[in-house]
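These notes concern the structure reproduced below.
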Amino acid sequence: MNFNAQTPLDRFMSILFERYMNNVPDVKKITEALIAKGIIASQDEIVNDHIAFRTLGVPHLGMASLEKIFLANGYKKMDPYFFKEKKLDAYWYAPPTPAYPRIFVSELRVQDLSSEAQAIIHKYTDGISADPVDGLDLQDGEAVGEFLHKPLWNTPTKAEYSRLLQESEYAAWVIYNRYYLNHYTISVHALQSPYNKLEQFNQLLESIGVKLNTSGGVIKTSADGLLLQSSTVAPVNEVEFADGETMAIAGSYVEFAERRVLPQFAHLDAGDVAREHRRDGFEANNADKIFESTYTEQINR
Ligand code: OOG
Ligand code: NI
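See below:
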């Protein structure tokens, strides 16, 4: 990716990525391995397929709030997804030009949790009496970048975090990590052969000791066979809670996507294939398993 700090979008994307890269060691580790193998010359050559955010479905927050930032910067709201078991809703957003990543935003259906878990979430979010994005100049990339890293609510106690974790791994992740970039995604199909196939790419990852999410199998494949996805298991960071207690909890992770050429464009020469010729959007069954990249079961594996 190459975000020349020109548009507000370039600016806040680059602020987000900078912080994310410093917090998720696998990002640099993977880039360095790709450079060492001569697959790419620098991070700028990696095509970012999409980025993702997680939100809480409570008044003034959630997708309806966060999406304003992206809609004001040329993104278009696309298809909805629903995850019954995980109690989540999601949408994806198409970028203004193929130079930018797609965005996947999910939201916890807080009203579907137990009253105890809801009470913990509301204890921290009820003080927010207006949409915080409304107070933001959405054309000021610097301000947006800062906003996405600014805690909107206080850090919970370890007991509260653990109670949420028991019931919803997603709730626990968001209450601590907030709007921090959840993952960026390497477009594997854009790499040189044979690493443009997810299976070969994953072998490279495993050879450098990157731990992959195994939920539903390492490679998650869409029903049409055209969208293949894998992801790392999030690193565990020792963090401090409001009561001074500490615990090792999941941070953000890295994803890998292989988008195959749509059947109607199968006749195109490899050199003529552009983004619009490949499978677009997301797949609920793949996503359902990718969420688990931050789950205790994967982390403790
Ligand atoms: C998002 C999981 C889904 C995808 O590409 O389908 C996803 C998350 O973990 O918040 O990233
Ligand atoms: Ni993703």
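For the sequence shown, the positions run 1343 to 1643 when my numbering is used.
Glycine included, every Cβ here is placed at the ideal spot set by N, Cα and C.
Residue environment: E1625 is assigned as buried (16 or more neighbouring CB atoms within 10 Å of its CB, all protein chains considered).
Measuring C-alpha to C-alpha distances from A1472 to each of L1540, A1616 and A1406 identifies A1406 as the nearest. In this structure, the ligand NI has a non-hydrogen atom nearer than 8 Å to the beta-carbon of T1527. The Cβ-Cβ distance between P1474 and L1403 falls below 9 Å.
Counting every other CB atom within 10 Å of its CB across the protein chains shown gives H1609 a total below 16, marking it as exposed. Between S1504 and A1576, the gap from beta carbon to beta carbon reaches 9 Å or more. With a cutoff of 9 Å on beta-carbon distance, K1500 and E1587 are scored as near each other.
It is roughly 14 Å from the alpha-carbon of L1540 to the alpha-carbon of D1391.
By the neighbour-count criterion, in which a residue is buried when 16 or more other Cβ atoms sit within 10 angstroms of its Cβ, P1350 is buried. When only Cα atoms are considered, L1480 and M1355 end up about 13 Å apart. In chain order, Q1542 place their CB closer than 6 Å to the CB of P1536, counting only its own chain and leaving out the 5 sequence neighbours on each side. Contact check for V1369 against A1532 fails: the beta carbons are separated by 9 Å or more.
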